[in-house]
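Comments concern the structure below.
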Amino acid sequence: GAMSWRAESTFKASSKLADEEKDFLKLAKKLREVLKLEEQAAGGKALEGLQQEKVAAKDKMIKEVAALAVKLPAETEVLQKNPDITDLLPDGALKDIERRRQRDAHQRERRQEQEVQKRERPEFQPQHSKPIVEVALSADGGHLYTCSKDKYVLCWTMKDKHLQVVATFAGHKGAVFALDVATGPCGAASGGADGEVHFWQADTEKLKTGSIMSPAASLDHGGIVRVLRWCPFDPPGASGGRRLASASEKLVARPPALCIWSVSERGRAELIVKVDDAKVLPGKANDIRWGGGGKVKLFTCHDNGYVGVWAADSSGALLKTIKLHSAPVMSLALSADGAQIVTASHDHSCAVVDVSTRETPTLQVFKANRPLNAVCLTADFRAGPDAVGAAVMAGGMNERDVTTHKTLEDEFESKVRDAGTGEEQATTVRSHFGPVHRLLPLPKVGRHGAFASVSEDGYLKVHGFDGRLLHSDVI
Numbered sequence: 371g372a373m374s375w376r377a378e379s380t381f382k383a384s385s386k387l388a389d390e391e392k393d394f395l396k397l398a399k400k401l402r403e404v405l406k407l408e409e410q411a412a413g414g415k416a417l418e419g420l421q422q423e424k425v426a427a428k429d430k431m432i433k434e435v436a437a438l439a440v441k442l443p444a445e446t447e448v449l450q451k452n453p454d455i456t457d458l459l460p461d462g463a464l465k466d467i468e469r470r471r472q473r474d475a476h477q478r479e480r481r482q483e484q485e486v487q488k489r490e491r492p493e494f495q496p497q498h499s500k501p502i503v504e505v506a507l508s509a510d511g512g513h514l515y516t517c518s519k520d521k522y523v524l525c526w527t528m529k530d531k532h533l534q535v536v537a538t539f540a541g542h543k544g545a546v547f548a549l550d551v552a553t554g555p556c557g558a559a560s561g562g563a564d565g566e567v568h569f570w571q572a573d574t575e576k577l578k579t580g581s582i583m584s585p586a587a588s589l590d591h592g593g594i595v596r597v598l599r600w601c602p603f604d605p606p607g608a609s610g611g612r613r614l615a616s617a618s619e620k621l622v623a624r625p626p627a628l629c630i631w632s633v634s635e636r637g638r639a640e641l642i643v644k645v646d647d648a649k650v651l652p653g654k655a656n657d658i659r660w661g662g663g664g665k666v667k668l669f670t671c672h673d674n675g676y677v678g679v680w681a682a683d684s685s686g687a688l689l690k691t692i693k694l695h696s697a698p699v700m701s702l703a704l705s706a707d708g709a710q711i712v713t714a715s716h717d718h719s720c721a722v723v724d725v726s727t728r729e730t731p732t733l734q735v736f737k738a739n740r741p742l743n744a745v746c747l748t749a750d751f752r753a754g755p756d757a758v759g760a761a762v763m764a765g766g767m768n769e770r771d772v773t774t775h776k777t778l779e780d781e782f783e784s785k786v787r788d789a790g791t792g793e794e795q796a797t798t799v800r801s802h803f804g805p806v807h808r809l810l811p812l813p814k815v816g817r818h819g820a821f822a823s824v825s826e827d828g829y830l831k832v833h834g835f836d837g838r839l840l841h842s843d844v845i
């Protein structure tokens with residue numbers, strides 16, 4: 371109602387009063403003197419000339435008070451604290467005051483809403499503000515995509531030594547763990563803690579420098595999405611769409627799952643197969659790789675030290691489990707010909723397995739002196755009798771364990787090791803100051819190939835296989 375603002379009193383010290391409030395109180399004081407004079411006159415007292423003038427000016431004063439009242443700040447309390455004065459105001463003035471206060475309150479709400487929206491509106495990110503967990507290469511070979519616990523996916527150009535962000539992809543509501551990049555308007559796929567998979571522009575020539583991108587399409591995956599991998603054997607624009615493998619971690623009632631989707635050019639995803647039976651799937655997969663050969667397969671690695679081999683058809687059948695490690699297996703890498711798979715494990719080792727034969731023998735084990743999270747290979751990598759090339763491995767103790775174990779001087783460096791002898795050929799120097807989460811081979815970068823590393827420290831680096839720093843997101 372018109373007088374509803376009377377109830378909302380909270381005390382305010384006079385020093386905090388607005389000028390209009392001070393003026394109102396001065397006028398109110400004068401008006402009270404006039405009312406007292408009127409009372410005295412009504413009681414038979416004769417007023418002096420000056421006093422008579424004051425009483426004569428009463429109506430004018432009430433008009434002044436009304437004019438001031440309309441200008442009072444919306445949250446003022448002087449009206450309800452001076453009811454004797456407020457009651458003198460004509461109805462029209464009270465209605466005006468109420469209308470104006472409602473308008474002010476509405477505008478204040480609008481301003482607050484706009485401020486909240488502004489705070490929530492994504493901004494261009496020149497770098498990541500939290501750990502980076504995954505990295506992928508653009509189809510043009512000149513850009514890297516990264517995803518982070520800061521909710522963003524970033525696209526970087528490798529044009530100069532200093533890596534610079536071209537575009538910020540904003541849409542996830544939590545940490546982004548999974549990322550892979552193919553081609554097309556929906557060729558970049560990311561997934562995370564919010565259970566969503568978003569598809570983004572992957573054709574970098576269509577990205578404007580400094581742009582903030584929204585998802586081109588989305589898929590409600592469920593669980594916590596941990597890994598995404600496009601099938602390398604599906605040509606772009608294939609009529610049946612491109613296949614995308616995903617792995618998710620359990621969330622509330624949703625068990626861990628391993629899925630294959632068929633994704634159209636426009637980002638419409640259709641589920642081909644889903645494995646979420648706890649008797650078959652040993653918890654979340656930490657990495658996935660597509661294997662070719664006679665039949666397309668998926669390789670997965672798990673916290674129980676196993677690698678799983680799955681049929682990548684609609685059966686999703688588990689073909690084989692290979693026990694390789696005594697601690698979680700965090701990463702998988704495949705040799706260029708798909709014949710050998712290499713693991714990285716928290717048990718301080720990398721294993722090379724021949725997946726071209728049914729027996730899947732272990733060809734080589736690289737022992738390390740730290741937990742390993744990541745591994746990548748030179749383009750010519752081959753272990754075994756006619757070994758050639760090298761494997762890069764990295765990891766390091768996480769924060770929780772650092773307090774109980776002494777860390778090494780070079781805890782977070784990447785080590786390049788000979789495929790045959792396992793000897794260290796090269797190492798990075800002062801590259802990261804937190805555990806490395808992923809390594810990505812870049813065979814066409816630098817003179818003899820290179821690799822990208824992303825870390826808990828929030829930085830992205832590119833090194834040659836000789837250990838030299840080629841690109842960095844910090845100068």
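Here this note's numbering is used: the first residue of the sequence shown is 371, the next is one more, and so on.
Virtual Cβ for every residue (Gly too), placed ideally from N, Cα, C.
Residues in the same chain with beta-carbon distance under 6 Å from residue i, minus the five sequence neighbours each way, listed in chain order, please.
i    : result
L704 : R659 and I711
V786 : A760, V762, Q795, A796 and F835
R376 : Below a pLDDT of 50, predicted positions are generally treated as unreliable, and R376, at 44, falls in that range; the measurement from the model is reported next regardless. Q450, listed in sequence order.
F394 : L438 and V448
A615 : R599, I630, I658 and L668
V723 : I711, T730 and T732
D474 : A444
Could you please give me the residues that DSSP links to residue i through a beta bridge?
i    : result
H591 : DSSP output for H591 lists no bridge partner at all.
C556 : In the DSSP output, where bridge partners are listed per residue, C556 has none listed.
H532 : S842
L614 : W600 and W631
P811 : F821
R787 : A761 and E794
M583 : F539
A398 : According to DSSP, which records beta bridges pairwise, A398 is partnered with nothing at all.
F906 : The requested residue 906 does not occur in the structure, where the chain is confined to residues 371 to 845.
D550 : A559
H476 : Beta-bridge pairing links H476 to no other residue.
T732 : V723
T846 : Residue 846 falls outside the range modelled here, since the chain spans only 371 to 845, and no answer is possible.
E468 : Bridge partners of E468: none, in fact.
G834 : A820
E490 : Answer is none; E490 lacks a bridge partner.
S715 : V699 and S719
K737 : S719
F669 : R659 and V679
Spatial neighbours of residue i within its chain, please: C-beta separation below 8 Å, excluding the five flanking residues on both sides.
i    : result
K814 : G511
E403 : K424
D750 : A706, V758 and G759
V551 : A506, L507, S508, A509, Y515, G557, A558, A559, A572 and W600
Q410 : L417
Between the C-alpha atoms of residue i and residue j, what's the straight-line distance to the nearest angstrom?
i    : j    : result
S801 : A563 : 28 Å
V440 : L514 : 60 Å
S634 : G610 : 7 Å
G557 : W570 : 6 Å
F547 : G592 : 14 Å
V650 : L688 : 7 Å
A820 : K529 : 15 Å
F736 : R636 : 43 Å
L507 : T527 : 10 Å
E493 : A587 : 20 Å
S379 : E483 : Because S379 sits at a pLDDT of 45, beneath the cut-off of 50, its placement in the model cannot be relied upon, and the following sentence gives the value as read from the coordinates. Rounded to whole angstroms, S379 to E483 spans 25 Å at the Cα level.
G828 : S499 : 6 Å
L577 : K519 : 23 Å
K400 : R489 : 47 Å
R596 : T670 : 12 Å
T579 : V536 : 4 Å
F539 : S701 : 25 Å
P741 : C525 : 29 Å
Can you name, in chain order, every residue of its own chain whose Cβ lies under 7 Å from the Cβ of residue i, other than the five neighbours on each side?
i    : result
E408 : V425
T456 : L449
E793 : R787
A648 : P625
M373 : With a pLDDT of 44 at M373, under the threshold of 50, the modelled position of this residue cannot be trusted, and the question is left open.
L812 : L507, G819, A820, F821, A822 and V832
K415 : none
Quiz item: Quick check: the segment 436-453 against the segment 412-428, are there 3 or more CB pairs under 8 Å?
Solution: Flag = no, the segment 436-453 and the segment 412-428 do not touch.
Quiz item: Should the segment 647-665 be called in touch with the segment 626-634, which here means at least 3 C-beta pairs below 8 Å?
Solution: Yes, since at least three Cβ pairs between the segment 647-665 and the segment 626-634 fall closer than 8 Å, the two stretches touch.
Practice problem: Just list the alpha helix (DSSP H) runs in the segment 418-452, keeping only unbroken ones of 4 residues or longer that don't cross its boundaries, in chain order. | Solution: Uninterrupted alpha helix (DSSP H) stretches at least 4 residues long and entirely within the segment 418-452 occur at 419-426, 428-441 and 448-451, given in chain order.
Quiz prompt | Unbroken stretches of the beta strand (DSSP E), 3 residues or longer, contained in the segment 496-531 | solution = Here the runs fully enclosed are 502-507, 513-518 and 522-527.
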